[in-house]
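Residues are numbered in the working numbering as their position in the sequence shown, beginning at 1, plus a constant of 1.
Every residue gets a Cβ at the ideal spot worked out from N, C-alpha and C, and that includes glycine.
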Amino acid sequence: MFLNQQGLAPELVVPWLNEHGGYCVCEVPGNVHDEVGDLIGWHLGEEY
Numbered sequence: 002m003f004l005n006q007q008g009l010a011p012e013l014v015v016p017w018l019n020e021h022g023g024y025c026v027c028e029v030p031g032n033v034h035d036e037v038g039d040l041i042g043w044h045l046g047e048e049y
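Have a look at this one:
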């Protein structure tokens, strides 16, 4: 699983994704990217 390969705890990440609209892999970029961008300080469409 991707989360395990990245050293992330699925038992923490999966519930967070579900709460923010990321119910399946195809929905994560469309529904969760703004929430993640707020956490990491980067949003889709912004240059590095």
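Compare the beta carbon distance of residue i and residue j with 8 Å and say whether it is the shorter of the two.
| i | j | result |
| --- | --- | --- |
| residue 19 | residue 11 | no |
The alpha helix (DSSP H) that contains residue i, what's its start and end?
| i | result |
| --- | --- |
| residue 7 | Here residue 7 belongs to no alpha helix (DSSP H), and DSSP marks it neither H nor E. |
So the candidates are the options; which of them puts its Cα closest to the Cα of residue i?
| i | options | result |
| --- | --- | --- |
| residue 40 | 17, 8, 27 | 17 |
| residue 38 | 25, 27, 21 | 21 |
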